[in-house]
Amino acid sequence: MAEQVEHPMGLAAESGKPTNGTNGSHTNKSSDAVKTSRFDPAFTDAVINATGPKASPRLRKVMASLTRHLHDFCRENEITIDEYMAGVEMINWAGRMSDLKRNEGQLLTDVIGLETLVDEITYTLASEATDAPTATAILGPFWRQDSPIYKMGSSIIQNSIPDGDHTFLHGRVLDFNTGKPIQNAEIDIWHTAPNGLYEQQDPEQPDMNLRGRFYTGEDGAYSFYCLRPTSYPVPMDGPAGKLIQLLDRHPMRPAHIHFILTAEGYKPLTTQIFDRRDKYIDNDVVFAVKDSLVVDFLPKKGDEKAQFDLEYDFKLVGYGVEKKGGMEGATAVAP
Ligand code: BEZ
Ligand code: FE
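Residues in the sequence shown are numbered consecutively from 1, following UniProt numbering.
Take a look at the structure:
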């Protein structure tokens, strides 16, 4: 039986040795499910109460909740050691596959809708007080830092792509509240080649192909040439693909273009726009499509560099008008 000591923060804490099993005797009992469980009803509280006084309040709250949900999940489903080890190996496999060009961990969570859910929560927190600035959408695992900076009006297509539908994409970056143009906003954009691959997945493409950054002038306007995007399957050669296969699901994302918009004094916007005509528009493997981000590519005449035209304005929210969300106060764990 583990000895209880009073924690400096007023929480019950284990003295000395860490608990590694179900033989603790603890006083806090939380849910009815735990009370009626065949398993040690006090174990989860013992783990949660091991948190020390220097942990930030936000991290304390979030980790307590995560621990409780995970423990309840294991008890409810009577997870066995073999199943637990299979889960751990999925996570390790994702880690081994991940580097600066590939983020398999993120992909794994995307497949079960986690990034889309967190995006919805963050967006709701940010826009509750107002009506509708440009909606956010998930980052996904294929963004790269330091993509090339281009002059407004140029093309992000670095190689000749005969089978691609070239598009002139243009619009303005506006202050959501005042409607005024935002000067010096950075627009970071990326999309796949017609073979459905991002450049870092495809040795045939030049480095940083089909991605780039642009800066708006006084009028807030932006314009560049890119491709009309294509739908593509998420990578199936790692644990995310394995999970998709085991769940008997399809791997396709509807055609989309990614954006990150940043401007001084404004909340950064990570988003995507989606082609209405795409077959997978209502059936995205990572559940990221939002109605306001669905667009129509129109035929373009008289421009030898593009067969399609797309006009899209971005509306950014200034700091100070939205509510705060996120992991404020949490301890960063990445080195
Ligand atoms: C992407 O759109 O790049 C993406 C997002 C989530 C998972 C896989 C890919
Ligand atoms: Fe994508």
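We treat Cβ as the ideally placed atom computed from N, Cα and C, and that holds for glycine.
Identify which residue in the options has its Cα closest to the Cα of residue i.
{"i": "isoleucine 149", "options": "Ala94, Ser160, Pro194 and Tyr215", "result": "Tyr215"}
{"i": "phenylalanine 39", "options": "Asn77, Arg144 and Thr109", "result": "Asn77"}
{"i": "lysine 300", "options": "Asn92, Arg276, Phe168 and Ala55", "result": "Phe168"}
{"i": "serine 223", "options": "Thr122, Ile244 and Arg172", "result": "Arg172"}
{"i": "aspartate 219", "options": "Glu199, Ile182, Met236 and Ile189", "result": "Ile182"}
{"i": "leucine 210", "options": "Pro229, Ala132, Gly217 and Trp190", "result": "Trp190"}
{"i": "threonine 44", "options": "Ala64, Ala55 and Pro251", "result": "Ala64"}
{"i": "tyrosine 319", "options": "Val294, Phe297 and Lys267", "result": "Lys267"}
{"i": "valine 118", "options": "Phe287, Lys315, Leu310 and Ile244", "result": "Phe287"}
{"i": "aspartate 146", "options": "Leu66, Met208 and Ser231", "result": "Met208"}
{"i": "glutamine 201", "options": "Asp248, Arg228 and Pro235", "result": "Pro235"}
{"i": "glutamate 311", "options": "Arg249, His250, Asp284 and Arg228", "result": "Arg228"}
{"i": "tyrosine 225", "options": "Gly212, Tyr232 and Gly217", "result": "Gly212"}
{"i": "isoleucine 244", "options": "Glu264, Asp284, Gly217 and Leu139", "result": "Asp284"}
{"i": "aspartate 153", "options": "Glu199, Asp72, Ala221 and Glu89", "result": "Rather than aspartate, the amino acid found at residue 153 in this sequence is glycine. Checking every option, the nearest Cα to that of glycine 153 belongs to Ala221."}
{"i": "lysine 180", "options": "Gly217, Leu100 and Lys54", "result": "Gly217"}
{"i": "isoleucine 46", "options": "Arg96, Ser56, His71 and Val62", "result": "The identity of residue 46 in the sequence shown is alanine, whereas the question assumes isoleucine. Among Arg96, Ser56, His71 and Val62, the Cα nearest to that of alanine 46 belongs to His71."}
{"i": "aspartate 165", "options": "Thr230, Leu125 and Thr116", "result": "Thr230"}
{"i": "isoleucine 112", "options": "Met85, Arg96, Tyr84 and Arg249", "result": "Arg249"}
{"i": "aspartate 99", "options": "Phe142, Thr122 and Pro41", "result": "Phe142"}
{"i": "arginine 144", "options": "Glu199, Ile79 and Glu264", "result": "Glu199"}
{"i": "leucine 298", "options": "Gly265, Pro41 and His170", "result": "His170"}
For a quick check, are the C-beta atoms of residue i and residue j less than 8 Å apart?
{"i": "alanine 135", "j": "threonine 271", "result": "yes"}
{"i": "isoleucine 157", "j": "leucine 261", "result": "no"}
{"i": "lysine 290", "j": "alanine 137", "result": "yes"}
{"i": "proline 133", "j": "valine 317", "result": "yes"}
{"i": "leucine 269", "j": "phenylalanine 314", "result": "yes"}
{"i": "leucine 114", "j": "alanine 94", "result": "no"}
{"i": "phenylalanine 274", "j": "leucine 293", "result": "yes"}
{"i": "proline 206", "j": "proline 233", "result": "no"}
{"i": "arginine 75", "j": "serine 37", "result": "yes"}
{"i": "aspartate 110", "j": "glycine 140", "result": "yes"}
{"i": "arginine 276", "j": "aspartate 296", "result": "yes"}
{"i": "arginine 58", "j": "threonine 51", "result": "no"}
Under the criterion of a Cβ to heavy atom distance below 7 Å, does residue i qualify as lining the ligand FE?
{"i": "histidine 256", "result": "yes"}
Checklist entry - Below 8 Å, can you find three or more Cβ-Cβ pairs linking the region 166–176 to the region 276–295? => result no
Checklist entry - Near the ligand BEZ, which residues have their beta-carbon less than 6 Å from any of its heavy atoms, given in chain order? => result Leu107, Asp110, Ile138, Gly140, Pro141, Phe142, Val234, Arg253 and Val286
Item to check | the region 254–261 in contact with the region 193–205 per 3-pair CB rule at 8 Å | outcome: no
Next on the checklist: Contact between the region 235–242 and the region 98–107 is defined here as three or more beta-carbon pairs at a separation below 8 Å; is this criterion met?
Outcome noted: yes
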